[in-house]
Amino acid sequence: MSSVVTTKDASLSSFSSTSNRKKKQNSFISRLLSRIVSPLILVLFVSDVLFYETEETKLRSVAKREETRVGSHKIDNHRRHSYRHQNEYNDEVLVRDGKPEEIAEIHDATKTSDDDAGDEGGGGAEKRSSGSRSSSSSSGTRTSVGGSSFDGVNNNNEDNSMGGSISGKPMMDGERCVASIRDGYSCEKFSLTSAEIVDVFHHATRASRRGGINKCTKAQSEEDGYLDDGGNGQKMVTDGMKIETVAGEKNSPSSSDALREALKKMFDERDTSHHGESIKYQKAVVVIDGTHMSADEASRLADATQTSVVFVAYGNREKFKEQQHVSAVLVKGESETGSPALRLASVLLTRGYAVLVLSDKSAEFTANPLESEAFSFTTIGADVNALDDMMPAHVGFDIELATDITCRSNGQVIGIGDKSMGWSQYAQSVCLPMARSSFMRFNPTLAAIELCRYFGEHLDIERIGVDDRVTEQVIMPAYDNAFKAGARLKPFRHACRYNLKNSPSRGSRYAPSEDVSRGDELSGDPNAIIPSQSFDKGRPFALGDESSDDIVNKHKQCERSAWSEGSGPHPRKLRYVVPWPKNDDDMTSWPANCEGGSENLCEVVKKVAINREVLVGVSNKNIFHMLQLWIDGLQKTEITNYMIVALDEQTARWCEQHDAPYYLRSLTSITGSTDNHATSGLKFEILKEFIKIGVNVLLSDVDIVWMRDPFKNDLLYRDVDVEGMSDGWDDRTTYGFRWNPTRGRGNKLSSADELTYRMFVKNSGLFFTQATHESLQMMTVLANRMNTERSTWDQTAYNEEHTFLSDKKTPSRNSASSRIMNFACFCNSKYVFKYMRHDEKLYPEEKFHPASIHVNYHPEKPQRMLDIIKQYWKGEKGAIERWNGGEGLSSSVQCKPRPVGEIERTQGIQSSELAKHVADAHTGKWGGVAGIEWKDNGDLVTPWGKGTWGVIPDSDGKQLFMDWGPTHELTGRIEGGSAIMQSKRCPDGDLVPNVVADGL
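If you count the sequence shown from 1, position 94 lands on 94 in full-length UniProt numbering, and the numbers rise without skipping.
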């Protein structure tokens, strides 16, 4: 019994001991957790938080610096290193807000030009996709960028987007600088490229040189080579026209290493054994737009160029992967539309390469275009870039392309006759040829880079009408909120210049749009534009913000628009003769270059100019009455920075008597005449002197009434070399419209190749010219023309030099960038008296004040000026309403509208019994004078000259017109086989009671 108890006690004792040991172990673990592990976990957690916040702070700091540097390109730190979530279609969209990362890849394949087409040597899409995972893959080599591997990021993406990553953007900045009285001279930086290199495939091809170079004749070379070499020798008129090229590689440290490596290999592969010692070829790259070509078509075009330095540009990954024969680049931008080729061009231009963009798959070459005369330059006297002797330091143009041969190839003045205007019926318009944008060459200049950047994002090559948009950008002037890059265009004429077999043709996407919704006037008759009354663009701009309560500044009426991405490319930085100070410490003297005859002018300018700007009127002793009215308007407007250039001693004395600032410059026209036209032609010689000393001049004829200060109210854009008013009266006539010279003439069929652009001429009586090298060149040429051409009208010459395209004889034409002033803000008198005063939005005067009214269309200049002053400055209601829209007072006979063109005249004659009888009679008498002939097509012959006749529209066939200089309107009856009529001349109402069409 006792033994049993002992055993039980021992067992209990053993259990108790074990339990105690476990309690001690648990206690130890508990103490360990509470004293060591938990604090350690807490330390690690706090460290992680602190590390995360430190990294976040760093990222934000980097982002802030990046945002400050690139301007409008915002950076999202939380998305910078991430990819967007895949949607149901497995679309991976690039993080476009992130800082650009160097992750583009390069794939290599080698193929000789004689290899079988099926032997791709690793260039196939599938092989590239798998082979890129291993740098030693037999299907090609993959070069990772920045020393890191990004396997699987791009190559496994099968969609049409950019993939899951962003490549580096070339970080080159441009500057947009604007001077104003309000803000002084200020500049803002902007990024010059938004293109991103996503993927690069390099195909090493030994280019096949087939010989047979299509060498230009000496005459052709001289005709097309006038701006080459940056203007060395006699190819440019002044050194001031040379355009500086970008520095090259050092300016693009962030651009794709893969692209850089591919370019290096391409240039290493070139055969330069046939290059001469005295001739160099500018470093250039061919870029083929593969968007609307099959892979085979792009390959054939690349092979036709006979160069190894060629890329096919794609914005679509599927098409990029199909390309197995030629080096290709997948490039994306900030929008889904746009041109991949021009995006790639913008990247290459920042590196200092010239770029030849091809979009015409039918183009054929006799030899390598990059070794043609177009890219050659001599080492003798030719400055080269410090980074590369294949990169000229200066060039003579930004962009070169072919244009149509319409409008005499370079431009043409087209006269019109608006009979309703009476005495002032004649006006001029300018016809300009259409650009052919399927073959474009860009030089590495800042203006060309910005133009390519803008085209790359906004030139929607999916739509018909690319040539329209290129023409509007590189040939037509800026206006209102439509900005232009100001790139200097050089048209080329001879295919041999680029070793082409034939001149470039249009691709289907590049043909001009024939969309009738544009509202263009396409009739071939020059007068078809006369009835135009389109105000949808110009009127809203002039009115400004109608909801604004800014009564003092007239609701910001006519104030210049701010630049925005949708309004066009940034205008190029202007090249001032006297540079603006870089900062407040810069003591650059102004005015400058005063020695040698300009001392007196400099003294006057110092007293008058504000922020280097002066309003200048030119006058002689014949027009003191108008000169006084002109000064009255300036003083009412409180424009103080004005002066008069007195052409004779009498005018100088008059200025002294009237306390008007003046500069005496005795000049006489080539004819010796002192009338208005002769005096007007002297302005260009005077403007040369102002520009040389660094003065920006608003040139104003003295038949202008000023009503708002264009300087203080920022009505001038100041972003081009020359901005001026137009003789147009609405959107089409002022800003331009498309015109087909052949449409509507007989049975001839018209085509896209015959489309042109027309606009009414820029008025030489009001323009603002900045003191730039381009303006100086233009005024120098114009002054020389006025001094040597006796019969040339100064306004015609002004438009030819400022608007027409350049050629060998006139190399500086169109080199000064151009802007048209708003027609409702800087008005001509036709717009005011025919249209504005009938526009309830703009009239009467308490609703809207234009900046100026130029009485250029009407003969009663001082009388109309007086009434404008009465109404707009003295508050006399309806003072201008006593005048006709055309010549004369409203109490006189205003000419009625005429039919437009021969077809309408003929149709009107056939629809009127009176007119048919006159046509059948064919001959007759005018007030008893024989020799009148009425032809059935509307032509008219009189003893005093030829003209036109027909039926006045909307007169039920009962009123006829006869115009041969004088304008007459007739009514009559048929009596005894003859038409007996009475004529009333408009606008003076003179009657001729006996006009007979009797066949005798």
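No residue lacks a Cβ here, since even glycine has one placed at the ideal position from N, Cα and C. Here the structure is a predicted model, which means the values were calculated and not measured.
Closer than 7 Å by C-beta to Pro966: which residues in its own chain qualify, once you throw out the five before and the five after it? Chain order, please.
-> Arg985
Counting along the chain, where does the beta strand (DSSP E) carrying Asn828 start and finish?
-> Counted as a single uninterrupted DSSP element, the beta strand (DSSP E) harbouring Asn828 occupies residues 826 to 828.
Quick one: using the 10 Å Cβ neighbour count with 16 as the cut-off for buried, is Cys496 buried or exposed?
-> buried
Every unbroken alpha helix (DSSP H) inside the segment 255 to 300 [4 residues or more] = 257 to 269
If residue 1019 sits next to Asp998, beta carbons under 8 Å apart, how far is it from one beta carbon to the other, in whole angstroms?
-> Missing from the structure shown is residue 1019; the chain here goes from 1 to 1000 and no further.
Express the C-alpha separation of His838 and Lys874 in angstroms, rounding to a whole number.
-> Taking the straight line joining both Cα atoms gives about 21 Å.
Sheet register partners of Glu933 (DSSP bridge) = Thr923, Val941
Sequence-distant residues of the same chain with beta carbon closer than 7 Å to Ala262, five excluded per side = Ile106, Val200, His202, Ser327
The alpha helix (DSSP H) with Gln863 in it runs from where to where?
-> 861 to 872
Whole angstroms is fine: what's the gap from Phe768's alpha carbon to Asp936's?
-> Here the alpha carbons of Asp936 and Phe768 stand approximately 49 Å from one another.
Inter-residue Cα distance where the pair is Arg819 and Trp949 = 39 Å
Ile75, DSSP secondary structure in three states | Only weak support is given to the placement of Ile75: the predicted model assigns it a pLDDT of 30, under 50, and the value that follows is read from those uncertain coordinates. Of the three classes helix, strand and coil, the one that applies to Ile75 here is coil, per DSSP.
Going by other Cβ atoms of all chains shown within 10 Å of its Cβ, with 16 needed for buried, is Lys280 buried or exposed?
-> buried
Opening and closing residue of the beta strand (DSSP E) in which Leu426 lies = Looking at the sequence itself, residue 426 is Tyr, so the reference to Leu does not match. Where Tyr426 is concerned, the enclosing beta strand (DSSP E) stretches over 426 to 433.
Burial state of Asp990, where buried means 16 or more other Cβ atoms lie within 10 Å = exposed
Nearest-angstrom Cα separation, counted from Asp360 out to Pro844 = 54 Å
For Tyr642, count neighbouring Cβ atoms within 10 angstroms of its own Cβ and tell me buried if that reaches 16, exposed if not.
-> Tyr642 is buried by the Cβ-count criterion.
List the endpoints of the continuous alpha helix (DSSP H) containing Tyr735.
-> That run of the alpha helix (DSSP H) goes 731 to 735.
Among Leu940, Ser308, Val331, which one has its Cα closest to the Cα of Glu318?
-> Val331
Work out the CA separation of Thr640 and Cys452 for me, nearest whole Å.
-> The straight-line gap from Cα to Cα measures roughly 42 Å.
Counting pairs of beta carbons, one from the segment 214 to 227 and one from the segment 472 to 481, are three or more of them closer than 8 Å?
-> Touching, no, given that fewer than three Cβ pairs across the two stretches are closer than 8 Å.
Based on Cα-Cα distance, which residue from Asn713, Asp727, Leu615, Thr772 lies nearest to Lys688?
-> Taking each of Asn713, Asp727, Leu615, Thr772 in turn and checking the Cα distance to Lys688, the smallest one comes out for Thr772.
Drop a sphere of 10 angstroms on the beta-carbon of Glu102, count the other beta-carbons inside from all chains shown, and report buried for 16 or more, exposed for fewer.
-> At Glu102 the pLDDT is 33, less than 50, meaning the model places this residue with poor confidence and gives no usable figure here.
So, using beta-carbon positions, are Ile909 and Gly938 closer together than 8 Å?
-> yes
Would you list the residues sitting across from Ala979 in a DSSP beta bridge?
-> Ile974, Ala997
Can you tell me which of Val384, Val695, Trp630 puts its alpha carbon nearest to the alpha carbon of Ser589?
-> Val695
Under the three-state DSSP convention, the category Gln910 falls into | In the three-state scheme derived from DSSP, where H, G and I count as helix and E and B as strand, Gln910 is classed as helix.
Check whether the Cβ atoms of Gly736 and Asn763 lie closer than 8 Å to each other.
-> Taking 8 Å as the Cβ cut-off, Gly736 and Asn763 do not qualify as a contacting pair.
Cut-off 8 Å between Cβ atoms - residues of its own chain near Phe805, not counting five sequence neighbours on either side = Note that residue 805 is Leu in the sequence shown, not Phe. Answer for Leu805: Thr403, Ser409, Asn410, Gly411, Leu432, Pro433, Ile475, Leu489, Pro491, Arg813, Asn814, listed in chain order.
Three-state secondary structure (DSSP) of Asp224 = The answer is helix: DSSP assigns Asp224 an H, G or I state.
Pick helix, strand or coil for residue 1005, following the three-state DSSP scheme.
-> As shown, the chain starts at 1 and ends at 1000. That puts residue 1005 outside it, with no answer to give.
Does the segment 917 to 936 touch the segment 857 to 871, meaning 3 or more C-beta pairs lie closer than 8 Å?
-> no
Spatially closest choice to Met962 from Glu801, Val951, Phe711, Ile288, by CA coordinates = Val951
Buried or exposed: Tyr426, going by 16 or more other Cβ atoms within 10 Å of its Cβ?
-> exposed
Between Asn385 and the rest of its own chain, which residues show a CB-CB distance below 8 Å, the 5 nearest in sequence each way excluded?
-> Thr245, Ala247, Gly248, Gly352, Met391, Pro392, Ala393
What number of angstroms, rounded off, separates the C-alpha of Met707 from the C-alpha of Ser852?
-> 6 Å
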